[in-house]
Amino acid sequence: MFNLKEDRREYVDVKKDNIDTANELRTKMFSIIDHSSKTTFNRKQVKIDKETENQLRALGYIN
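For the sequence shown, numbering that gives the first Met the number 0 assigns the number 0 to the initial residue and increments by one for each residue that follows.
Put into structure tokens, the structure is as follows:
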């Protein structure tokens with residue numbers, strides 16, 4: 000038998016970690032996109048590691 004309440008709390012923690020990771024990636028992505036004085040967005044050329052690139056791609060921020 001396992002403690003359902005304890006397992007559920009662990010699940011919520013994992014979910015929160017995923018949200019935190021997504022928010023960190025979103026912050027990284029918006030630091031990559033530079034808003035110019037015009038109404039258009041200019042992308043800066045930025046080097047990111049492969050893992051971050053894959054995570055951003057999975058979230059749909061880059062193609």
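Cβ atoms here follow ideal geometry from the backbone N, Cα and C, with glycine treated the same way.
Output the distance between the C-alpha atoms of residue i and residue j, rounded to the nearest integer angstrom.
i	j	result
Glu52	Thr20	13 angstroms
Leu24	Leu55	7 angstroms
Lys37	Lys49	Low confidence applies to Lys37: its pLDDT is 46, below 50, so where it sits in the model is not reliable enough to give any reading.
Ile47	Asn22	16 angstroms
Thr26	Tyr60	11 angstroms
Leu58	Met28	11 angstroms
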